[in-house]
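Visitor: Quick one: this structure, given as structure tokens, is what I'll be asking you about.
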Amino acid sequence: QVFSIAVALGRNDIVVVLLQSGLNVNGCNEYGRTPLMEASIGGQNDMIRLLTDFEADVSTESELTLSDSILSTFASTDREFERPSIPEALLNHRITALCLAAVCNQLSAFDELIKAGADVNQETNGKTALMWACRLDQADIAKYLLQNGADPNHESETGDSPLLAACQFGSKKLLQILEQHGADFYK
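Residues 7 to 193 in this note's numbering are what the sequence shown spells out, letter by letter.
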């Protein structure tokens with residue numbers, strides 16, 4: 007728990023000491039999230055950079071679903087800091103740091119995660135970061151992902167796609183962004 011709190015509070019100095027003492031940079035906390043996921047939720051670029059310098063794995067999925075993770079987080083009464091809320095419609099999914107950054111609208115975290123090798127088209131539970139951005143009508147995040155190689159025509163095994171998510175949950179602006187980046191409306 008000390009490691010999670012140090013990450014969430016942006017205490018790079020403490021995190022370095024903990025990692026040098028042998029803590030696993032990819033270990034999950036009691037909420038099923040890695041330190042990199044915690045830093046992504048808060049959009050903490052310096053922490054993301056530090057953790058990836060210590061070889062944090064950007065492709066790791068959470069051990070718990072979002073609903074388990076969120077319930078555990080807010081059931082704890084001794085937490086002194088507040089996290090961004092995650093929409094109820096997105097619960098019951100395992101998720102990566104990149105997808106968490108999309109869900110929590112942390113555009114600032116994307117550069118560091120992508121520099122560290124995050125795959126913008128990695129699918130977790132049938133969803134990519136672009137699909138999450140489209141479900142949440144986050145045009146800036148969708149545009150950024152598309153400019154960095156996200157596939158606007160990616161279709162999961164379950165038939166989900168950025169275009170479908172944008173049609174269900176997004177705006178006209180988001181549909182225009184997808185079209186500008188090659189989304190096939192006739193597929």
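A virtual CB, placed ideally from N, CA and C, is assigned to each residue, including glycine.
No experiment lies behind these values; they were computed from the predicted model shown.
(1) Is DSSP giving F87 helix, strand or coil here?
(2) What distance in whole Å lies between the Cβ atoms of L42 and V64, which are believed to be in contact at a cut-off of 8 Å?
(3) With a Cβ-Cβ cutoff of 8 Å, do P168 and L136 count as a contact?
(4) With respect to the alpha helix (DSSP H) encompassing E118, which residues constitute its N-terminal and C-terminal limits?
(5) So, with DSSP's three-state summary, where would you put T130?
(6) On the premise that V13 lies in contact with M53, defined as a C-beta separation below 8 Å, what is that separation, rounded to the nearest angstrom?
(7) If I measure Cβ to Cβ from S177 and keep anything under 8 Å in the same chain, skipping five residues before and after, which residues do I get?
(8) Taking Cβ positions, are N159 and D117 nearer each other than 8 Å?
(9) Ordered along the chain, which non-local residues of its own chain (more than five positions away) have a Cβ less than 7 Å from that of L180?
(10) Mark T164 as exposed unless 16 or more other C-beta atoms lie within 10 angstroms of its C-beta, in which case mark it buried.
(11) Taking just the CA atoms, how far does C34 sit from T210?
(12) Please report the Cβ distance between V31 and L15, rounded to the nearest whole angstrom; I am assuming they are in contact, meaning their Cβ atoms lie under 8 Å.
Guide: Reading from the atomic positions:
(1) As a first step, residue 87 is located in the sequence shown; it is residue number 81 there, counting from the start. The predicted model places F87 with a pLDDT of 40, which falls under 50 and marks its position as unreliable; any figure quoted below should be read in that light. Of the three classes helix, strand and coil, the one that applies to F87 here is coil, per DSSP.
(2) By one-based count along the sequence shown, residue 64 stands at place 58. By one-based count along the sequence shown, residue 42 stands at place 36. Rounded, the Cβ-Cβ distance is 7 Å, consistent with contact.
(3) Counted from its first residue, the sequence shown places residue 168 at position 162. Counted from its first residue, the sequence shown places residue 136 at position 130. The Cβ atoms of P168 and L136 lie closer than 8 Å to each other.
(4) Within the sequence shown, the letter at position 112 stands for residue 118. Residues 116-121.
(5) Counting from 1 along the sequence shown, the entry for residue 130 is found at position 124. Three-state result, T130: strand.
(6) Walking along the sequence shown from the start, residue 53 turns up at place 47. Walking along the sequence shown from the start, residue 13 turns up at place 7. M53 to V13, Cβ: 6 Å. Contact.
(7) By one-based count along the sequence shown, residue 177 stands at place 171. Counting only Cβ-Cβ distances below 8 Å, and skipping sequence neighbours, we find D143, A145.
(8) Residue mapping note: residue 159 aligns to position 153 of the sequence shown, counting from 1. Residue mapping note: residue 117 aligns to position 111 of the sequence shown, counting from 1. No, they are not a contact pair.
(9) Within the sequence shown, residue 180 is the residue found at index 174, counting from 1. So the list reads C140, D143, A145, A148, A172, once near-sequence residues are dropped.
(10) Here residue 164 corresponds to residue number 158 of the sequence shown, with the count starting at 1. When all chains shown are included, T164 counts as exposed.
(11) As shown, the chain starts at 7 and ends at 193. That puts residue 210 outside it, with no answer to give.
(12) As a first step, residue 31 is located in the sequence shown; it is residue number 25 there, counting from the start. As a first step, residue 15 is located in the sequence shown; it is residue number 9 there, counting from the start. With 8 Å as the limit, V31 and L15 do not qualify as a contact, their Cβ atoms being about 17 Å apart.
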